[in-house]
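Take a look at the structure set out below.
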Amino acid sequence: MTNTTPLWEVFIRPRNGLAHRHCGSLHAADAEMALQAARDVYTRRGEGTSIWVVPSAEITASDPKDKDALFEPTADKIYRHPTFYDIPDEVGHM
Amino acid sequence: MKEELYELLLRLADDHLILGHRVSEWCGHAPTLEEDLALPNIALDLIGQARSLYTYAGEVEGKGRDEDQLAYLRLERDYRNLLLVERPNGDFAHTILRQLYFSVFMQAWWREAVKSTDETLAAIAAKAVKETVYHVRHAAEWTIRLGDGTAESARRMADAVEALDRYTGEMFASDAVTDALAEAGIAPDPASLKAEWDRVIAEVFAEAMLEMPDAQTYQQTGGRQGKHGEEMGFLLADLQYMQRAYPGMTW
Numbered sequence: 001m002t003n004t005t006p007l008w009e010v011f012i013r014p015r016n017g018l019a020h021r022h023c024g025s026l027h028a029a030d031a032e033m034a035l036q037a038a039r040d041v042y043t044r045r046g047e048g049t050s051i052w053v054v055p056s057a058e059i060t061a062s063d064p065k066d067k068d069a070l071f072e073p074t075a076d077k078i079y080r081h082p083t084f085y086d087i088p089d090e091v092g093h094m
Numbered sequence: 095m096k097e098e099l100y101e102l103l104l105r106l107a108d109d110h111l112i113l114g115h116r117v118s119e120w121c122g123h124a125p126t127l128e129e130d131l132a133l134p135n136i137a138l139d140l141i142g143q144a145r146s147l148y149t150y151a152g153e154v155e156g157k158g159r160d161e162d163q164l165a166y167l168r169l170e171r172d173y174r175n176l177l178l179v180e181r182p183n184g185d186f187a188h189t190i191l192r193q194l195y196f197s198v199f200m201q202a203w204w205r206e207a208v209k210s211t212d213e214t215l216a217a218i219a220a221k222a223v224k225e226t227v228y229h230v231r232h233a234a235e236w237t238i239r240l241g242d243g244t245a246e247s248a249r250r251m252a253d254a255v256e257a258l259d260r261y262t263g264e265m266f267a268s269d270a271v272t273d274a275l276a277e278a279g280i281a282p283d284p285a286s287l288k289a290e291w292d293r294v295i296a297e298v299f300a301e302a303m304l305e306m307p308d309a310q311t312y313q314q315t316g317g318r319q320g321k322h323g324e325e326m327g328f329l330l331a332d333l334q335y336m337q338r339a340y341p342g343m344t345w
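Quick note, the sequences are listed as chains A and B, same order. When the letters of the first sequence are read in order and numbered with our numbering, they come out as residues 1 to 94. When the letters of the second sequence are read in order and numbered with our numbering, they come out as residues 95 to 345.
Structure below.
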């Protein structure tokens, strides 16, 4: 089964102006079939205006074992957060 | 013209209800999770189209019958659907090919009906045509994958062509009803859609590496006159059970 229908990751954009978000995966023979299956599986309740499908095998993921090396060093750099200056009211929501 | 329009709406509604029921039989039984959602999606589109058509048929008839009475409380000989749509699901290839044949026909039909002089029918067509375009796409892509797939999928697809080809001619049959409605600009003459149907099917078959069936094959008809195959009774028993057991039940 998985030989003829590999795994695909599905990204849906809910509205114009928003980014595509990962919403799940599915099995399909090729890109065209993956798009159709994504439409049928993930947009049944009007969730989307655009679909991306990506072969799961094409995604390079970070190794959970590298978590400390990759992400720990930012923990003590709180000065990177925009919390040390006041935003004028006129700027509005940022 | 009222009688002809009622007859036409009933034929179309029955086509969509019966095929919708057949496709819904896959729910929970499809070969993959993806298709277990895709096929009921299509079934729901078809049944939705049937509802609009039955409701309008009831209005045209003017005897106070609603969609439920027309869908559930008629006898087998009163159903006017094509023999093609009542054919049992068979394997996945049979189901897909049946859908391809019917949806390619309806795509051409709805596209003409959008221009109907009957406003209600034109409105039903405008909604249905978008759904049908997707049904064609789904069935065509699968036909291509299966026909040009493994040795087994190609054999199953070819078997489906052999089994279903004889039920395609009925779609294009004209009679007094379709002639009168075509004349009045209400509904397309089915015979006029044959060339477009042939073209689309030939294109899909070529890509699917499927052999076109012999054009001389004997064509089985009778559905439009209420003469159905033996499987139809079993289908109706399933479909009508609830209204027969609990008449007038609503929920």
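For each residue, glycine too, the CB sits at the ideal point set by N, CA and C.
Beta bridge counterpart(s) of R13 (chain A) as assigned by DSSP: The residue you call residue 13 (chain A) lines up with position 13 of the first sequence. According to DSSP, which records beta bridges pairwise, R13 (chain A) is partnered with A:S50.
Coil, strand or helix - G241 (chain B) by DSSP: Residue mapping note: residue 241 (chain B) aligns to position 147 of the second sequence, counting from 1. Correct three-state label for G241 (chain B): helix.
Residues that V41 (chain A) contacts on chain B, provided the C-beta gap is smaller than 7 Å: The count along the first sequence starts at 1 and reaches residue 41 (chain A) at position 41. Ordered by position in chain B, the residues that pass the 7 Å Cβ test against V41 (chain A) are E128, L131.
Own chain residues within Cβ distance below 6 Å of E145 (chain B), not counting five before or after: Here the question's residue 145 (chain B) lines up with position 51 in the second sequence. Position check: residue 145 (chain B) holds Arg in this sequence, whereas Glu was assumed. The residues are E161.
Given N16 (chain A) as reference, the closest of A:Q36, A:H22, A:G48, A:L26 once Cα atoms are compared: Position 16 of the first sequence, counted from the first residue, corresponds to residue 16 (chain A). Checking every option, the nearest Cα to that of N16 (chain A) belongs to A:G48.
Counted within 10 angstroms of its Cβ, other Cβ atoms place P125 (chain B) as buried (16 or more) or exposed: Reading the second sequence from its first residue, position 31 is the one you call residue 125 (chain B). The residue is exposed, with fewer than 16 neighbouring Cβ atoms inside 10 Å.
A233 (chain B) versus N175 (chain B): straight-line alpha-carbon distance, rounded: Indexing the second sequence from 1 puts residue 233 (chain B) at position 139. Indexing the second sequence from 1 puts residue 175 (chain B) at position 81. Using only the alpha carbons, I get a separation of about 21 Å.
Element boundaries [beta strand (DSSP E), containing S25 (chain A)]: As a working note, residue 25 (chain A) is residue 25 in the first sequence. Start and end: 21 to 27.
Buried versus exposed call for L113 (chain B) [16 or more other C-beta atoms within 10 Å across all chains shown]: Here residue 113 (chain B) is taken as the residue at index 19 of the second sequence, counted from 1. Buried, since its Cβ has 16 or more Cβ neighbours within 10 Å.
Partner residues on chain A for E297 (chain B), Cβ-Cβ distance less than 8 Å: Along the second sequence, read from residue 1 onward, the residue named residue 297 (chain B) stands at position 203. Those within 8 Å of E297 (chain B) in chain A number zero; the least Cβ separation is about 16 Å.
Extent of the continuous alpha helix (DSSP H) to which P134 (chain B) belongs: Taking the second sequence and counting its residues from 1, one reaches residue 134 (chain B) at position 40. Unbroken alpha helix (DSSP H) run through P134 (chain B): 127 to 155.
Within-8 Å CB hit, H232 (chain B) to chain A: Here residue 232 (chain B) refers to the residue found at position 138 of the second sequence. Output row for H232 (chain B): interface = yes.
CB contact flag (D130 (chain B), C121 (chain B), <8 Å): Here residue 130 (chain B) refers to the residue found at position 36 when the second sequence is read from its first residue. Here residue 121 (chain B) refers to the residue found at position 27 when the second sequence is read from its first residue. Inclusion of D130 (chain B) and C121 (chain B) in the CB contact set at 8 Å is warranted, their separation being smaller than that value.
Contact list for N135 (chain B) against chain A, beta-carbon separation under 9 Å: As a working mapping, residue 135 (chain B) is identified with position 41 in the second sequence. R39, D40, R44, listed in chain order.
CB contact below 8 Å: L113 (chain B) versus chain A: Position 19 of the second sequence holds residue 113 (chain B). It does not: the Cβ of L113 (chain B) has no partner Cβ on chain A nearer than 8 Å.
Spatial neighbours of T262 (chain B) in its chain, beta-carbon cut-off 6 Å, leaving aside the 5 residues before and after: What you label residue 262 (chain B) is simply residue 168 of the second sequence in a count that begins at 1. Cβ neighbours of T262 (chain B) beyond the five flanking positions: Y195.
Which of helix, strand or coil DSSP assigns to W348 (chain B): In the structure displayed, chain B extends from 95 to 345; residue 348 (chain B) sits before or after that span and is not available.
M1 (chain A) in three-state terms, based on DSSP: Sequence index remark: in the first sequence, residue 1 (chain A) carries index 1 (1-based). With a pLDDT of only 48 at M1 (chain A), under 50, the local geometry of the prediction cannot be trusted, and the value read off the model is given with reservation. Assigned with DSSP and collapsed to three states, M1 (chain A) falls in coil, not helix or strand.
Any C-beta of chain B under 8 Å from that of L26 (chain A): Taking the first residue of the first sequence as 1, we reach residue 26 (chain A) at position 26. L26 (chain A) counts as touching chain B.
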